[in-house]
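Scroll down for the structure; my scribbles are underneath it.
There are 2 protein chains.
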Amino acid sequence: MSHDPTSDQEPVNSSRRQFLNQTVALAGAAGAAGVTLGLAGCKKEEPAAGATAGAAAPVSATSAAAAAKEEMLHPHPGELDTYYGLWSGGHTGDMRILGFPSGRELHRIPCFVPDVLVGWGITNESKEVMGTKADGTLKYTVADTHHVHATYKDGNYDGRYAFINDKINSRVARIRLDYFICDKITELPNVQGFHGIFPDKRDAVNPDINYSTRLFAGGEFHQPMPNDGHGLDDVAAYRVLFSCLDIESMEVRWQALIDGNCDLVATSFDGKLAASNQYNVENGAVFAEMMSAERDACIFFNIARIEEAVKAGKFTTIGDSKVPVVDGTRASNTDPKTALTAYVSVPKNPHGVNASPDGKYFICAGKLSPTATVIQLDKVLAWFDGSLPNIDDAIVAEVEIGLGPLHTAFDGRGNAYTTLFLDSQIVKWNVDAAIRFHGGDNTAKYVVDRLDVHYQPGHINATHSETMKADGQWLAVGCKFSKDRYLPVGPLHAENEQIVDISGEKMRLVSEHPVRPEPHDFVIMRREIISTRQTYNMDEFPLAVKSFGDSGITRDGKKVTVRLASQAPTFSMTEFRVKQGDEVTIILTNIDTIEDLTHGFAIHRYNINFIVNPQETKSVTFVADKPGVYWAYCTHFCHALHLEMRLRMIVEPA
Amino acid sequence: MSHDPTSDQEPVNSSRRQFLNQTVALAGAAGAAGVTLGLAGCKKEEPAAGATAGAAAPVSATSAAAAAKEEMLHPHPGELDTYYGLWSGGHTGDMRILGFPSGRELHRIPCFVPDVLVGWGITNESKEVMGTKADGTLKYTVADTHHVHATYKDGNYDGRYAFINDKINSRVARIRLDYFICDKITELPNVQGFHGIFPDKRDAVNPDINYSTRLFAGGEFHQPMPNDGHGLDDVAAYRVLFSCLDIESMEVRWQALIDGNCDLVATSFDGKLAASNQYNVENGAVFAEMMSAERDACIFFNIARIEEAVKAGKFTTIGDSKVPVVDGTRASNTDPKTALTAYVSVPKNPHGVNASPDGKYFICAGKLSPTATVIQLDKVLAWFDGSLPNIDDAIVAEVEIGLGPLHTAFDGRGNAYTTLFLDSQIVKWNVDAAIRFHGGDNTAKYVVDRLDVHYQPGHINATHSETMKADGQWLAVGCKFSKDRYLPVGPLHAENEQIVDISGEKMRLVSEHPVRPEPHDFVIMRREIISTRQTYNMDEFPLAVKSFGDSGITRDGKKVTVRLASQAPTFSMTEFRVKQGDEVTIILTNIDTIEDLTHGFAIHRYNINFIVNPQETKSVTFVADKPGVYWAYCTHFCHALHLEMRLRMIVEPA
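This is the structure:
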């Protein structure tokens, strides 16, 4: 199984090198200056002054556009990306921020899992966000994030918040997109292994609210309700909850009891519908049962009706939870006129469901079926209004696209791009043509293009794909296996994120990046959408130590509070003294005001490390159980005298 | 403080775009085919068949070399890098593995800090490596890694092991370079805040051992010996220990009690000397004291003499530690004929010390002094032999190079490259010329080139820099501040790793990558050096569950053992049943044999997540304290039916 990297020393597909040699040769025929200029340019130096006359020669629009796109993939040192990418960290439990299309990782935002760089899960403030047990330790330290979505306004991203889910412990986290930090985490009651999330895009009732106010979360694993030890073997009675959160309070507004296991979630641009693709409508507990039915479902939620039902008191609660739960099971929702939910049938064990940017369709990917199912939303609404007799008549296309369809992205020009897990391909197909073909027009060629990717693609997304501003420029695809694409690093392989230029008729694979498993889903938005702040406002921190003069140590019985400030290259105190057994709280404010001037704070053998960004305040609390001299030092390089930036905690023996 | 990214929408220094336009224009003069070919190539498509005749035209060697270098920076999809980079994670506590010179991050190896992806700090096997308290919880969960070094053979890297230090808790970890995993961690006794590490390059006594067997670790913060609560205020008696570990057992062989705070460590190619640059020879406890002396030191250790002294019983021990401690303090080592250590004076608060690849010199960077000090090693040995009266006569050059010198790399052609923190520059200087200048030859121009970097560079290293095979191709520099180089992501900025082509007379900044703070040090070696294994050998795991038939559940009182196997897309059991209060141990073997086919295992609300790579076995132990149905599922995408890969843990109420 060992890999011999030397065998790849001379890559076969060295088309770029050939291009350079050939271009030089051709340019050489036009004059020696061309040779020098050409290579200097590709070496990214400034072009020689004497050769700039060439720039005045006519250049086709296509050529200039291609050159500009190439430049965006490999920005010169100092050039900025055009897009932000917000990426799920998978079972690293964080959110990754990329510059796009360069694919450069700019940041990882800790959410559900402790992070020793930031001090996430170490400081008192982060523990409060993450949630603790009665003894003050963290309730959870593992997570498995899958999906990232961001708030909308007027059908496009608005740069307020992003959200990310934790499948293991049924949590959802909110990210502030000004500071790029997680500020709220909610654990969903009576939900196990929840998977898809999506915010609404406008209000279901009030047309003035043309922005996100709700977040939907599809429960995946079925369980006894509540899961308290009763009904362990009554598998037929296991159920799943679909949840709706308020994005400002991050509290759960309502839940719906449903059949089947929810996979991904989609929402309509008119705010009226949310949906989730479902596998295991059989409610099976073992593998064979989960796959026994030939068709599963895409479940639609009528948001306005559900919220009317809650208002009218037509709900129950489950166990200790106070959240209103409406009945969205199939058996209770057969009458379209009163139904809260509608189950549209889709082929066997589907996976992703995605909303087309024209607002007309949800597209379900077949997974075990080689098909995509196109559901027309106004027909779903017609069923709820009683004017469409059969809910499955909302299906306007169900066409073969390839093996193992999982997720779909859009270019805003009527085309869908679906990952084919088994074929290791992306298929580009035209939605209108698929509808015509399904309608009987055998001449309709709906498959436009196919592209091999490497290997086994899962999630896919395009720039502004699920917004009304889908710009059809770039597509990213998360490939689950990288196999031989990178230098071997032992048994755990990176996954492979590939970037595809979709601005033309044919897709072009233009670059790829290794990524720590496993990214799952992501969204990509133009940089103008997001407006960030690089220093904190000290007044936002009630504990702030506003100056060196404001620092000091106070005692209340065995509780000692140490108030510290940092300013490169010193802390405000050179030492502090406590007694063995004291409960010590250290409050540290970074009073440096310069952007990027972050300090760290670690204490030897006391298992403490955290950073303070400019104007930020954080605190930690611990028991001084070991006597001796313990140096606390700055861990974040801040100044030429950074190594000298330290102080002594002196713990006197009890 | 907010950043307006739109202002950078049209980069000014778009030399590459200009190049493309100009080249196209020039190529166009040679024929229309050239236009098409040129742009298609830069778009990375295969060149058109009809245009390949151009490749036969003559190409200069320089041009071809430049094109090849460009290609290495931005490999085509599927092309491999030429070098491995082993990078410190800083206060993320792990080791990063990069493909180089592309800078792509291929892997992060958890060492000192839990990692929820791998299950590091969660599985029983990883807890044993990391170290636990009496109650079974991890002793430490934070770390601050600084330096990465790798084993040598015949003066070059040999691909056996790498090492990385944790400054907060005085630990050193060993990485196996076949599996790219951490397999041993040692906590150094009576050491606080240790910083530099370096393996020896051959044995000090036995010439047959021309490979690494020892690892040296320089203690940084001074403390009472032992640090048990006595002598808290007797700062003048605080001391530091320099440690030597055996790289096979990872046990500490000996320590030396010394004056001053050790910064970086270097070792000689002949195996006879180790050294550490020292600030705070004043042994000051506060900032002003640490900077009071005009000169500090580079301390040299005579390895053979120290080991003779240990063998002869000339050592003490400190506190509970059994490690022999020799006396290396300045006062006890004034007689060269018996000295174990030598303190060479270097200007105020120096930082890095680096061994030149010709084996002749150690170079100390001045930090607070704008100088580099060149120490000739055979003169240090002459002092130990009694033939050099004054140890400072081993200094053969002390020359001004710029403000804030920190670390030095080498190209194997006699040049040194030193980072200038305050000047935000790299200075390339010639060592022989510096020696001539220091010797009085005012015509000797030792500064060869300067290059601006962005911003405030710390560590620097070049391909094979500190080996006898320094190849002078590429240099990487870790810049501590990125400021405006990337899209803003709130207050915590990425740091900036820049890559420099050093193959020519002038340095060329060719690319840059954002990196999560903070990388500190790194080494870069050719890919042929490292030979990895992508699947485990099942026989290496005594607990292995070798087949689905081998799985099952056994009980011993309240202790339950669940033996599980995984093979895509199922686990070997569909459920298992325990009683509330049971201590459950789950052993999981991944019996899949296919490279890259990793499975995960998470249990809802039980705070468990880990992966098993092909043929690997891991185990976890926990108390089943919550009754109910808890799904365990695969977290690592493995198969089209990955979502269906799960089983029920049924916890019956007590």
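Chains as they are written, first to last, in my numbering: chain S, 1 to 654; chain X, 655 to 1308.
Even for Gly, the Cβ is constructed at its ideal location relative to N, Cα and C.
Proximal chain S residues relative to residue i, where beta-carbon distance stays under 9 Å
| i | result |
| --- | --- |
| Phe834(X) | Pro488, Val489, Gly490, Pro491, Leu492 |
| Gln909(X) | Ordered by position in chain S, no residue passes the 9 Å Cβ test against Gln909(X), which lies about 17 Å from the chain. |
Among the options, the one whose alpha carbon lies nearest that of residue i
| i | options | result |
| --- | --- | --- |
| Pro880(X) | Leu994(X), Ala871(X), Leu842(X), Gly850(X) | Leu842(X) |
| Ile1183(X) | Phe1230(X), Asp887(X), Ala1198(X), Tyr806(X) | Tyr806(X) |
| Val998(X) | Gln932(X), Val977(X), Arg868(X), Lys1212(X) | Gln932(X) |
| Pro357(S) | Asp449(S), Phe437(S), Thr467(S), Asn613(S) | Thr467(S) |
| Ile303(S) | Asp270(S), Ala285(S), Thr334(S), Val129(S) | Asp270(S) |
| Gly1056(X) | Leu1022(X), Gly1040(X), Val1028(X) | Leu1022(X) |
| Phe163(S) | Val578(S), Ile181(S), Asn169(S), Val515(S) | Ile181(S) |
| Ile1304(X) | Ala1026(X), Phe1038(X), Val1232(X), Glu943(X) | Val1232(X) |
| Cys262(S) | His438(S), Asn280(S), Ala67(S) | Asn280(S) |
| Glu743(X) | Val1216(X), Asn1263(X), Pro1168(X), Glu1270(X) | Going by the sequence as given, residue 743(X) is Gly instead of Glu. Out of Val1216(X), Asn1263(X), Pro1168(X), Glu1270(X), Pro1168(X) has the C-alpha closest to the C-alpha of Gly743(X). |
| His438(S) | Gly490(S), Ile175(S), His464(S), Ala372(S) | Ala372(S) |
| Arg1180(X) | Tyr738(X), His745(X), Leu734(X) | Tyr738(X) |
| Gly103(S) | Glu294(S), Val510(S), Asp596(S), Asp233(S) | Val510(S) |
| Val1081(X) | Asp1103(X), Ala1087(X), Asn1069(X), Gly1094(X) | Asp1103(X) |
| Arg868(X) | Gln846(X), Asp887(X), Glu902(X) | Glu902(X) |
| Leu1301(X) | Asn1096(X), Gly1066(X), Ala1219(X) | Ala1219(X) |
Partners in chain S for residue i, counting only beta-carbon separations shorter than 8 Å
| i | result |
| --- | --- |
| Asn944(X) | What sits at residue 944(X) in the sequence shown is Met, not Asn. Chain S residues near Met944(X): Glu644. |
Proximal chain S residues relative to residue i, where beta-carbon distance stays under 7 Å
| i | result |
| --- | --- |
| Asp882(X) | Pro627, Gly628 |
| Glu948(X) | Here the premise fails: no neighbours, minimum Cβ distance about 16 Å. |
| Ser1078(X) | Residues of chain S passing the Cβ test: none, with the nearest at roughly 12 Å. |
| Val783(X) | In chain order: nothing, as chain S lies at least about 16 Å away. |
Bridge-paired residues (DSSP) for residue i
| i | result |
| --- | --- |
| Lys201(S) | Looking at the DSSP assignment, Lys201(S) forms no beta bridge with any residue, so it has no partner. |
| Val629(S) | Ile650(S) |
| Phe848(X) | None; Phe848(X) has no bridge partner. |
| Val1107(X) | For Val1107(X), which the question treats as bridged, DSSP gives no partner whatsoever. |
| Cys765(X) | Bridge partners of Cys765(X): none, in fact. |
Own chain, CB closer than 6 Å to residue i, minus 5 neighbours either side, in chain order
| i | result |
| --- | --- |
| Asn922(X) | Note that residue 922(X) is Ser in the sequence shown, not Asn. Result list for Ser922(X): Leu1031, in chain order. |
| Pro978(X) | Trp908, Val964, Phe969 |
| Lys1123(X) | Asn810 |
| Phe216(S) | Phe198, Cys244, Val265, Ala274 |
| Ala1308(X) | Gln1234, Gly1235 |
| Glu540(S) | none |
| Leu73(S) | Pro101, Val510, Ser511 |
Nonlocal neighbours in the same chain, by C-beta distance under 7 Å from residue i, ignoring five residues either side
| i | result |
| --- | --- |
| Arg1090(X) | Ala1098 |
| Val859(X) | Ala958 |
| Ala1256(X) | Ile1262, Asn1263, Ala1286, Tyr1287, Thr1289 |
| Thr1247(X) | Thr1189, Pro1268, Gln1269 |
| Ser547(S) | Ala565, Ile591 |
Chain X contact residues for residue i, given Cβ-Cβ distances below 9 Å
| i | result |
| --- | --- |
| Gly218(S) | Those do not exist, as Gly218(S) stays about 12 Å from chain X at its closest Cβ, beyond 9 Å. |
| Glu282(S) | Here the premise fails: no neighbours, minimum Cβ distance about 11 Å. |
Close Cβ partners of residue i (< 8 Å) along its chain, the five nearest in sequence each way excluded
| i | result |
| --- | --- |
| Lys626(S) | Gln580, Arg605, Tyr606, Val651 |
| Pro519(S) | Trp87, Ser88, Gly89, Gly90, Arg96, His459, Gly478, Glu495, Glu497 |
| Tyr179(S) | Thr532, Arg533, Tyr536 |
| Thr123(S) | Phe610, Lys618, Ser619, Val620 |
Chain-ordered neighbours of residue i on chain X, where CB pairs are closer than 8 Å
| i | result |
| --- | --- |
| Ala143(S) | Val770, Asn1263 |
| Asp596(S) | Phe1135, Ser1136, Lys1137, His1147 |
Neighbour list for residue i in chain X, Cβ cutoff strictly below 7 Å
| i | result |
| --- | --- |
| Asp81(S) | Leu1141 |
Three or more C-beta pairs below 8 Å linking the stretch 158–174 of chain S and the stretch 127–144 of chain S: yes
Given 8 Å, three or more beta-carbon pairs between the stretch 1070–1083 of chain X and the stretch 1033–1052 of chain X: no
Segment contact flag, the stretch 497–509 of chain S with the stretch 468–475 of chain S, C-beta cutoff 8 Å, min 3 pairs: yes
Validate contact between the stretch 585–597 of chain S and the stretch 542–561 of chain S using beta carbons, cut 8 Å, 3 pairs: yes
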